[in-house]
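The structure appears right after this line, and notes come after that.
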Amino acid sequence: APPVDEAVTVTLEYKTRIEPSFLDKRGTISNVLEAPIEHVAFITSRKGSVRGNHYHVFETQYVYVIRGAFIAYSKDVTDPQGPTGRLEVVAGELLVTPPNVAHRHVYLKDTWLLNMDTAPRKRLEHEDTFAFAQFKVEV
């Protein structure tokens, strides 16, 4: 994989560890996200698979990893010559991808995740997902 510029990675996408908010003999409660969400999908991905290779102009995407791990590559679509960000995201972490950041996920393990978006997937008048094939990374 290419070297990672940490400053760029933080400005393109960022992740946060979600710790349990409540714990007792019954189990735990973890508050994953407090944000306006219009779409939630449960996604499974097999080890070695690749998803993404697209970006959204208006929406922010949140990905919470239930189990597994992946490498998240990111690129600012408004700066085609800019560097590619790279983060490893593991179970219990929330990845945030803002608008105009292309994202590609390469799965290191069989993975379960929740994908949450600030815009609905079923749009009648506007589609906000655009293909992006210019990632220059080794898989």
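Heads up: the sequence shown begins at 341 in this note's numbering, then just goes up one per residue. All residues carry an ideal CB built from backbone N, CA and C; glycine is no exception.
Beta-carbon proximity of residue i to residue j, cut-off 7 Å
| i | j | result |
| --- | --- | --- |
| Thr400 | Thr458 | yes |
| Lys355 | Leu427 | yes |
| Val372 | Ile358 | yes |
| Ala409 | Leu448 | yes |
| Val405 | Asn455 | no |
Strand pairing of residue i, partner residues [DSSP]
| i | result |
| --- | --- |
| Arg357 | Glu433 |
| Ile406 | Ile406 pairs with nothing; no bridge assigned. |
| Leu427 | Ala412 |
| Ser385 | Thr451 |
| Thr494 | As displayed, the chain neither begins before 341 nor continues past 479, which places residue 494 out of reach and without an answer. |
| Val417 | DSSP, once it has assigned bridges, lists no residue as partnering Val417. |
Whole-angstrom distance between residue j and residue i, CA atom to CA atom
| i | j | result |
| --- | --- | --- |
| Val441 | Ala381 | 20 Å |
| Ala341 | Asp364 | For Ala341, the predicted model reports a pLDDT of 39, less than 50, meaning its position is unreliable; a value from the coordinates is still stated below. Rounded to the nearest angstrom, the two C-alpha atoms are 42 Å apart. |
| Phe472 | His443 | 8 Å |
| Arg407 | Thr451 | 5 Å |
| Val430 | Ala412 | 10 Å |
| Tyr395 | Val417 | 8 Å |
| Pro460 | His379 | 5 Å |
| Thr469 | Ser414 | 15 Å |
Burial state of residue i, where buried means 16 or more other Cβ atoms lie within 10 Å
| i | result |
| --- | --- |
| Gly388 | exposed |
| Val397 | exposed |
| Asp419 | exposed |
| Gly422 | exposed |
| Thr349 | Note on Thr349: pLDDT 43, under 50, position unreliable in the model; the coordinate value appears next. Classification for Thr349: buried. |
| Glu465 | With a pLDDT of 46 at Glu465, under the threshold of 50, the predicted position of this residue should be treated as unreliable, though the coordinate-derived value follows. With fewer than 16 Cβ atoms within 10 Å of its Cβ, Glu465 is classed as exposed. |
For the segment 384-391 against the segment 412-429, do three or more pairs of beta-carbon atoms, one drawn from each stretch, fall closer than 8 Å, so that the two count as touching? no
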